[in-house]
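Worksheet: one structure, shown below.
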Amino acid sequence: MHTNKKGVNTICTHVGEVKDEQFKGAVSPIYMSTSYAFEDVDVKRYPRYYNTPNQEALCKKIAALEHTEAALLFGSGMAAISHALMAFLKAGDHIVLQQTLYGGTYNFAVTQFEKYGISYSFTTGWKVSDFENAIQGNTKVIYIETPSNPLLTITDLEAISRLSKKHGLVSMIDNTFGSPINQNPIDFGIDVILHSATKYMGGHSDICAGAVAASQEHIDTIWHSAICFGGSLSDQTVWLLERSLKTMGLRVQAQNENAMALASFLKAHEAVDEVYYPGLASHPGHAIAKDQMHGFGGMLSFELNETIDPSTFLKKLALIKPSMSLAGVESTMLLPVQTSHALMSAEDRAKQGIKDGLIRFSVGIEDVADIIQDIEQAVEKASVKMETVE
256 MHTNKKGVNT
266 ICTHVGEVKD
276 EQFKGAVSPI
286 YMSTSYAFED
296 VDVKRYPRYY
306 NTPNQEALCK
316 KIAALEHTEA
326 ALLFGSGMAA
336 ISHALMAFLK
346 AGDHIVLQQT
356 LYGGTYNFAV
366 TQFEKYGISY
376 SFTTGWKVSD
386 FENAIQGNTK
396 VIYIETPSNP
406 LLTITDLEAI
416 SRLSKKHGLV
426 SMIDNTFGSP
436 INQNPIDFGI
446 DVILHSATKY
456 MGGHSDICAG
466 AVAASQEHID
476 TIWHSAICFG
486 GSLSDQTVWL
496 LERSLKTMGL
506 RVQAQNENAM
516 ALASFLKAHE
526 AVDEVYYPGL
536 ASHPGHAIAK
546 DQMHGFGGML
556 SFELNETIDP
566 STFLKKLALI
576 KPSMSLAGVE
586 STMLLPVQTS
596 HALMSAEDRA
606 KQGIKDGLIR
616 FSVGIEDVAD
626 IIQDIEQAVE
636 KASVKMETVE
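First residue of the sequence shown? That's 256 in our numbering, and the numbers climb one at a time after it.
So this is what it looks like as structure tokens:
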């Protein structure tokens, strides 16, 4: 395991820099070359081998943030997820996946595994007993997501780690919603940590990337598959991602504080039926989240009551953007049924508890009073007048 005594904001700012030895610039130079020397060099560099100067340096920053030995960068979050899964699974193997997952991961499982002869089971819940009941003789991987997308369910990291080790399985987590600032799964024994780096790592809604962090042994296993699949990231984007990571600690802390305030506001609002946020004491996973998270994150979901039309509500927002994706500095909302989980059937969404009117709220860094004011005016304009039937 990687150990580092530096503070998280120092790691964000300084670890994994490319030193500008020629001009002594304050930021990393960018190396755009796709062709490097192969004679008389220590490393034969090639973009598809994930070892260009900018890629190699940034992986050190991500590994330091996740307390792991190594990391790899990919062209998207789904590239990171699919490359990691296929590195540890082959025909005849079985994987147990958490019931509540990002829709893209769910779609990958149900559309891709079968053609490769890989079987899979979704748990009936997110308790450790649900995972243990799903394990088979040929199970090789347990895959979790906590907090989950979009209902913010919480899975016990330490319990899943113990279960995985008991059965000799590789444990994987999508840590996108948590971010390395709020949660470090390897400290609880999880083997492979996955990120859509587009989200909190990028943080400005202007790049698409993915990341995997793990032990050197597990990263080597993923690398040997990844060089065949070819999901590497351009060095222009790698450079932008390094720029973004420098402020991740500050951004996420501000988003944590805003989300807590807004979850409490929505919980007390007469137009809201339900709020899903692990920072609320009423959340069923609050106690576990408090033990394994440094902060409760900038993501929450809520359900408006029947007096408010959710689509009209989103259209009437003036400050908050009705927009796909999440974790930018700007606040955004969306309907998962139309976006992140649109590829799932209505029946499968119902099994996960994703209602058609569920709104996913990615909280930004704006002044919280301005966000509240925008929600209030949109609620008022989206109110449905209830006719009295005599």
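Cβ coordinates follow ideal geometry from the N, Cα and C atoms, glycine included.
Helix, strand or coil for residue i per DSSP?
| i | result |
| --- | --- |
| K570 | helix |
| Y361 | helix |
| E529 | strand |
| Y371 | helix |
| V493 | helix |
| I266 | helix |
| T366 | helix |
| V425 | strand |
| I436 | helix |
| K576 | strand |
| I285 | coil |
| I609 | coil |
| H450 | strand |
| S419 | helix |
| F443 | helix |
| S537 | coil |
| I620 | coil |
| S376 | strand |
| I563 | strand |
| E413 | helix |
| V592 | helix |
| E276 | coil |
| D629 | helix |
| T258 | Residue placement at T258 is flagged as unreliable, the pLDDT there being 48, under the threshold of 50; a coordinate-derived value is accordingly withheld. |
| F293 | coil |
| G271 | coil |
| S403 | coil |
| A500 | A small correction: the amino acid at residue 500 is Leu; Ala does not occupy that position in the sequence shown. Here L500 sits in helix by DSSP. |
| R300 | coil |
Alpha carbon to alpha carbon, how far is residue i from residue j?
| i | j | result |
| --- | --- | --- |
| I266 | K571 | 40 Å |
| H349 | E561 | 42 Å |
| K370 | W478 | 22 Å |
| S460 | V623 | 20 Å |
| G280 | H269 | 13 Å |
| T360 | G433 | 17 Å |
| L517 | G619 | 11 Å |
| H541 | C483 | 41 Å |
| V351 | A573 | 42 Å |
| I436 | I390 | 31 Å |
| F386 | I397 | 8 Å |
| A334 | G465 | 7 Å |
| K299 | L555 | 45 Å |
| K261 | K315 | 14 Å |
| E276 | L590 | 49 Å |
| S566 | P402 | 25 Å |
| N264 | H322 | 14 Å |
| R506 | G553 | 10 Å |
| T444 | K545 | With the sequence shown as reference, residue 444 is identified as Gly, and Thr is not the correct amino acid for it. So the alpha carbons of these two residues sit roughly 17 Å apart. |
| H548 | I409 | The sequence as given places Met at residue 548; His does not occur at that position. Rounded to whole angstroms, M548 to I409 spans 10 Å at the Cα level. |
| M427 | I626 | 35 Å |
| Y286 | F278 | 14 Å |
| D429 | V467 | 9 Å |
Of the choices the options, whose alpha-carbon is the least far from that of residue i?
| i | options | result |
| --- | --- | --- |
| T458 | H479, F484, E497, H422 | Here residue 458 is Gly; the residue named in the question, Thr, does not match the sequence. If we check each option's Cα against that of G458, E497 comes out closest. |
| T453 | L495, D442, D275 | L495 |
| Q510 | G583, K299, Q438 | G583 |
| E324 | D442, K420, S489 | D442 |
| Y304 | S489, M515, R417, N362 | S489 |
| A292 | P302, D564, P284 | P302 |
| V592 | G608, S384, S419 | G608 |
| H338 | G485, L412, T408, F377 | G485 |
| T492 | M503, I462, V467 | I462 |
| K474 | Q632, N388, I627, F343 | A quick correction: the sequence has Ile, not Lys, at residue 474. The shortest C-alpha separation from I474 is found at F343. |
| K345 | P577, Q438, T394 | T394 |
| A633 | G534, P539, V527 | V527 |
| V282 | E311, E272, A481 | E272 |
Between which two residues does the beta strand (DSSP E) holding residue i run?
| i | result |
| --- | --- |
| R615 | 613-617 |
| V351 | 349-352 |
| A637 | No beta strand (DSSP E) holds A637; DSSP gives it neither H nor E. |
| L328 | 325-329 |
| E558 | 554-559 |
| L589 | 587-589 |
Give the range of the alpha helix (DSSP H) segment to which residue i is assigned.
| i | result |
| --- | --- |
| E400 | That residue, E400, is in no alpha helix (DSSP H); its beta strand (DSSP E) goes 394-400. |
| M503 | 503-522 |
| S384 | 383-389 |
| F343 | 332-343 |
| D546 | 541-547 |
| L313 | 308-320 |
Taking CB distances under 7 Å as the criterion, tell me whether residue i reaches chain C.
| i | result |
| --- | --- |
| T492 | Among the chains of the structure shown, chain C does not appear; only one protein chain is present. |
* To do: Scan the region 454-496 and note each continuous beta strand (DSSP E) run of 3 residues or more that stays entirely inside, going in chain order.
  => The region 454-496 contains these whole beta strand (DSSP E) runs: 465-469.
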